[in-house]
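In my numbering, the protein residues as written are 193 to 271. Beta carbons: idealized from backbone N, C-alpha and C, even for Gly.
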Amino acid sequence: MKDFFKRTFKCIKNLFTEHPRRMNESYFSHALWAVFYSVCLLYAGVACFVHAIFPFLFTRTASSIAEIIVDTTDDRGLL
């Protein structure tokens with residue numbers, strides 16, 4: 193029974209750590225980057241929505257955010 197729990201825990205742990213490990217990051221480092229990108233994309237989405245209604249607002253915001261995301265992923269060696 194002890195081996196069952198040990199194997200189960202290891203399997204669950206791998207679900208959470210395999211992808212970050214492939215990116216050469218810890219789980220928490222990877223989580224922080226994911227939150228950073230989420231906030232950037234959320235802001236870009238809101239800016240695009242406002243821009244759709246008021247085309248004179250946020251004319252380059254989404255493009256600028258996309259450039260930031262590309263630059264940071266490139267700096268991290270992900271592109």
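Check                                                                                                                                                                                                           : Outcome
If we ignore side chains and look at the alpha-carbon of each, how far apart do Phe-220 and Ala-226 end up?                                                                                                     : 10 angstroms
Under the rule that 16 or more other beta-carbon atoms within 10 Å means buried, what is Ala-223, buried or exposed?                                                                                            : exposed
Counting only runs of 3+ residues fully inside the region 199-270, write out the beta strand (DSSP E) ranges in chain order.                                                                                    : none
If we count the other Cβ atoms within 10 Å of its Cβ and call it buried at 16 or more, is Phe-250 buried or exposed?                                                                                            : buried
Using 8 angstroms as the cut-off, can you tell me whether the region 232-243 makes contact with the region 253-261, which would need three or more C-beta pairs spanning the two stretches below that distance? : yes
On the CB-based measure, 16 or more other CB atoms within 10 Å of its CB, does Ala-244 come out buried or exposed?                                                                                              : exposed
Would Tyr-229 pass as a contact of Ile-204 if the rule is Cβ separation under 8 angstroms?                                                                                                                      : no
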